[in-house]
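Below is one structure, written out as structure tokens; the observations come after it.
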């Protein structure tokens with residue numbers, strides 16, 4: 005009853021309106037027709053408010069039977085049709101409204117929006133320009149004009165329109181926001197940032213301005229400020245996954261991996277089924293050596309998408325890093341041959357097999373890859389390394405030589421050739437190859453160290469050896485193997501205390517390395533510390549020295565040298 009009474013009261017108010025309420029047509033309508041038009045119009049209005057679009061459309065159609073082409077009713081009819089996605093019909097109604105009254109700005113504005121949505125940008129632009137001509141204070145029309153100009157790539161014109169709007173409405177935060185976007189598109193980043201800052205001074209929590217100004221700050225290299233903007237946006241809207249992911253990517257670039265993990269774990273709470281998020285989180289876990297967590301993420305993705313070869317490769321890598329060799333090998337073998345990740349998966353598999361002393365199988369895998377890519381220099385270098393580890397030096401030499409011929413400016417190819425020539429005892433060629441590497445890449449730390457150690461091991465060109473190894477240490481100061489090389493230079497120079505100091509430092513960086521332990525034993529023996537030297541030699545054997553018999557001979561030599569009774 006209350007609803008009926010309220011409806012009746014509203015109808016009375018409408019009926020009490022001047023006869024010209026419907027664009028002046030009421031003056032020539034008899035009272036009965038006008039009342040019916042108002043009644044149906046009111047019913048349509050109420051249906052629309054309650055979300056009953058079909059009812060509203062039916063009522064507006066009935067109203068038009070009594071009111072003719074009344075622009076207001078035609079506009080409301082078109083508005084309902086737009087909501088229902090029936091744009092061509094809405095367009096017809098609006099064109100009727102404008103034919104009846106070309107100054108009916110609401111209809112023109114809606115028609116412009118339909119043109120824009122239909123891709124008819126020129127028509128949309130013309131209609132919006134007519135709107136601002138009729139209504140100079142229509143802010144939204146200016147924004148639409150600027151947007152359409154920007155979509156056409158006419159950024160200077162778009163910026164000019166927004167300049168005019170800001171001059172007219174200096175507190176329009178949307179005008180500053182859109183001008184910031186246009187300026188950012190023109191790579192005028194400092195000016196764009198100033199506009200975004202103006203927006204935020206008017207509406208501090210405007211998330212779009214926080215997000216886009218953060219992106220501009222990233223471009224300007226001001227990552228700490230960008231991070232602050234993203235955090236402000238998250239404070240206002242903690243569940244905004246897009247902002248969290250933007251912040252997560254920034255944290256990854258800043259190498260703040262633990263914080264990035266936190267962001268992606270938050271995203272996961274709201275997007276647990278999103279394979280992209282789970283994959284990224286798995287990679288972050290992998291980076292932090294959280295192998296079981298990484299395996300869980302990759303396994304989840306593969307449960308719903310078993311054919312995802314890239315994630316299958318990531319899973320194999322996680323198992324490999326964890327030391328689960330069997331599972332890693334199984335994962336890599338499942339990466340299909342036509343997948344982009346197949347090549348890398350097979351190279352990882354080859355390395356696993358090589359470590360298991362299954363050199364022939366490892367080499368065969370790489371040779372098979374080469375059949376499909378015979379000119380791939382990286383595969384040549386990898387195969388040369390595999391053959392060298394298998395002590396198939398002549399084959400390794402042929403492949404490494406092929407690589408240097410194919411890519412004479414590739415330092416890695418020359419390095420591989422030098423290592424093989426070293427195993428073949430070709431000292432002059434080793435030196436030439438390593439010098440070639442250094443000439444191509446003066447910061448190739450491994451080549452600098454290799455050549456320095458080569459000189460030290462052969463007790464030749466010791467001042468040059470020291471310079472080479474020190475250059476390597478400038479690039480990688482915490483490399484235990486480089487410190488071992490420097491210690492060996494000191495040993496050859498007879499500077500045993502410094503040699504011992506460097507070797508003990510090296511063992512802190514590379515604990516229990518059998519070769520470094522052997523070198524420490526040699527240095528201790530040279531200083532007459534025979535008992536400690538024998539213990540260190542024994543430890544080198546226990547830790548898997550490749551030539552245990554040679555190390556045992558040193559222990560026997562020490563024991564023979566001891567005075568009787570000791």
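Numbering (this note's numbering), first residue to last: 5 to 570. C-beta atoms are modelled at their ideal positions from N, C-alpha and C, and glycine is treated no differently. None of these values were measured; they are calculated from a predicted model.
Check: With a CB to CB cut of under 6 Å and the five nearest residues on each side skipped, what residues in its chain are close to residue 184?
Finding: 196, 199 and 200
Notebook entry, point to check: How long is the line joining the alpha carbons of residue 353 and residue 318, rounded to whole angstroms?
Noted result: 13 Å
Item checked: Distance CB(residue 540)-CB(residue 524) smaller than 9 Å -> yes
Next item on the list: Spatial neighbours of residue 459 within its chain, please: CB distance less than 7 Å, with the 5 preceding and 5 following residues excluded, ordered by chain position.
Entry: 465, 466, 468 and 469
Item checked: Range of the contiguous alpha helix (DSSP H) that encloses residue 360 -> Where residue 360 is concerned, there is no enclosing alpha helix (DSSP H), given that its DSSP letter is neither H nor E.
Notebook entry, point to check: Rounded to the nearest angstrom, how far is the Cβ of residue 404 from that of residue 381, given a contact under 8 Å?
Noted result: In fact, because the Cβ distance is near 11 Å, the residues do not count as touching under 8 Å.
Check: Over what stretch of residues does the alpha helix (DSSP H) that includes residue 108 continue unbroken?
Finding: Unbroken run through residue 108: none, as it is neither H nor E.
Next item on the list: Report the three-state DSSP secondary structure of residue 191 (helix, strand or coil).
Entry: coil
Notebook entry, point to check: What does a CB cutoff of less than 6 Å around residue 415 pick up in its chain, not counting 5 residues either side in sequence?
Noted result: Counting only Cβ-Cβ distances below 6 Å, and skipping sequence neighbours, we find 441, 444, 445 and 448.
Checklist line | Of the listed residues 205, 206, 233 and 439, nearest to residue 215 (C-alpha basis) | finding: 233
Item checked: Cut-off 8 Å between Cβ atoms - residues of its own chain near residue 483, not counting five sequence neighbours on either side -> 449, 453, 476, 477 and 513
Next item on the list: Output the distance between the C-alpha atoms of residue 546 and residue 384, rounded to the nearest integer angstrom.
Entry: Rounded to whole angstroms, residue 546 to residue 384 spans 35 Å at the Cα level.
Check: Smallest Cα separation from residue 400: which of 367, 64, 375 and 373?
Finding: 367
Next item on the list: Taking residue 107 as the reference, give the member of 137, 500 and 507 with the closest Cα.
Entry: 137
Check: So, are the CB atoms of residue 391 and residue 374 less than 9 Å apart?
Finding: no
Next item on the list: Leaving out five residues on either side along the sequence, give the residues of the same chain with a beta carbon under 8 Å from the beta carbon of residue 175.
Entry: 206
Checklist line | Nearest-angstrom Cβ-Cβ length linking residue 528 and residue 536, presumed shorter than 8 Å | finding: In this structure, residue 528 and residue 536 form a Cβ contact; the two beta carbons are roughly 5 Å apart against a cut-off of 8 Å.
Checklist line | Pick from 71, 377 and 151 that is closest to residue 162, judged by C-alpha positions | finding: 151
Checklist line | CB of residue 57 within 9 Å of CB of residue 88, strictly | finding: With a cutoff of 9 Å on beta-carbon distance, residue 57 and residue 88 are scored as near each other.
Item checked: When 280, 322 and 281 are compared against residue 290, the one with the closest alpha-carbon -> Minimum Cα distance to residue 290 is reached at 322.
Check: Quick one: Cα of residue 520 to Cα of residue 563, how far?
Finding: 21 Å
Next item on the list: Output the distance between the C-alpha atoms of residue 156 and residue 132, rounded to the nearest integer angstrom.
Entry: 15 Å
Notebook entry, point to check: Taking three-plus beta-carbon pairs below 8 Å as touching, is the segment 67-86 in contact with the segment 42-55?
Noted result: yes
Next item on the list: Can you tell me which of 123, 146, 93 and 104 puts its alpha carbon nearest to the alpha carbon of residue 113?
Entry: 146
Margin query: DSSP three-state label for residue 175, please.
Written below: coil
Next item on the list: Identify, in the order they occur along the chain, each residue of the same chain with its Cβ nearer than 8 Å to the Cβ of residue 210, setting aside the five sequence neighbours on each side.
Entry: 177, 181, 203 and 204
Notebook entry, point to check: So what's residue 542 in DSSP terms, helix, strand or just coil?
Noted result: helix
Item checked: Nearest to residue 142 (by Cα), restricted to the options 160, 165 and 123 -> 165
Notebook entry, point to check: Just how far apart, CA to CA, sit residue 332 and residue 118?
Noted result: 56 Å
Item checked: Assigned secondary structure, residue 243 (DSSP; H/G/I helix, E/B strand, else coil) -> coil
Item checked: Close Cβ partners of residue 480 (< 7 Å) along its chain, the five nearest in sequence each way excluded -> 449 and 486
Next item on the list: Using a threshold of 9 Å, state whether the C-beta atoms of residue 517 and residue 488 are closer than that.
Entry: yes
Check: Out of curiosity, what's the CA-to-CA distance linking residue 74 and residue 173?
Finding: 33 Å
Check: What is the DSSP secondary structure of residue 561, reduced to helix, strand or coil?
Finding: helix
Checklist line | Pairwise C-alpha distance: residue 125 and residue 154 | finding: 11 Å
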